[in-house]
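Chemist:
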Amino acid sequence: MAAASKVLVIAGSAREGAFSVKLAKVAAAALAAAGAETTQLDLRALGLPIYDGDLEAAHGVPDGARTLRDALLAHDAMLLVTPEYNGFPTPLVINAFDWLSRLKPEGSAPAGLGASAGKPCALLSSSPGPLGGLRSLNLMRQFLGLTIGMLIVPQQFALVRAGEAFGPDGALLDAKAQQSVDGVAAALLRLSNALRKA
Ligand SMILES: Cc1cc2nc3c(=O)[nH]c(=O)nc-3n(C[C@H](O)[C@H](O)[C@H](O)COP(=O)(O)O)c2cc1C
């Protein structure tokens, strides 16, 4: 039997009790149930400052960007759950990928964008509001697909009213929402497995 696809799962908020972290856990469970191996990456733990060209000129690219590059290289695919701030994905996510894009090839490691290029990616969003972060989801599709070079699967899901969406055990209360997450996970694995075979 072929080895399982390895999927890097990232939430776009590090806040204690973040809905995106809760939804990332649900997505990781759905991926695992579909046969994947998952790793959850905490973007806050990368310790990346807001991008600043003077800082880069003085100190180079921070090691947190290498951690993200190496995590991408070690996984076949990525699933990202984005919150929404004023209609946009959070600075925590954009900043991490901005720093990644500044990494040049180092030793046997490719440039940062070489680690993300062609990597299958699925997107979810969550928000306590009625749109579930849908606007940020579509912008994230553009950012990660067109600029960061990932292959974004068409299937996506925005979790609305996230404040009421989870039970005390962290499970989604709405079976249709769970089915949607399962569908996104399955689509990601289909693409990832097909590319690994190709
Ligand atoms: C600066 C800021 C802007 C926000 N803008 C939006 C928004 O445009 N749409 C939305 O649905 N929620 C918005 N919210 C509410 C967030 O969806 C909410 O804080 C959410 O819990 C953040 O995601 P998290 O739970 O994963 O940390 C905003 C929150 C902040 C702090």
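Everything in the sequence shown is counted per this note's numbering, starting at 488 for the first residue and increasing by one. Just so you know, even glycine gets a beta-carbon here, dropped at the ideal spot from N, CA and C. Every value quoted in this text rests on a predicted model; they were computed, and no experiment measured them.
Would you say Leu535 and Ala516 are within 8 Å of each other, going by their C-beta atoms?
Modeler: no
Chemist: Which residues count as close to ligand 1 when the rule is a CB under 5 Å from any of its heavy atoms, in chain order?
Modeler: With the cut-off at 5 Å, the residues found are Ser500, Arg502, Ala505, Phe506, Ser507, Pro570, Glu571, Tyr572, Asn573, Gly574, Ser614 and Gly616.
Chemist: Within 7 Å: the Cβ of Asp550 and any heavy atom of ligand 2?
Modeler: As presented, the structure is devoid of ligand 2, carrying ligand 1 as its sole ligands.
Chemist: Relative to the alpha-carbon of Pro570, which residue among Ile635, Ser679, Ala521 and Gly650 has its alpha-carbon at the smallest distance?
Modeler: Gly650
Chemist: Would you mind giving the Cβ-Cβ distance between Glu543 and Arg589, rounded to the nearest angstrom? I have them listed as a contact below 8 Å.
Modeler: In this structure Glu543 is in contact with Arg589, their Cβ atoms being roughly 6 Å apart against a cut-off of 8 Å.
Chemist: Rounded to a whole number of angstroms, what is the C-alpha to C-alpha distance between Ala583 and Lys663?
Modeler: 32 Å
Chemist: Contact between the stretch 598-609 and the stretch 671-684 is defined here as three or more beta-carbon pairs at a separation below 8 Å; is this criterion met?
Modeler: yes
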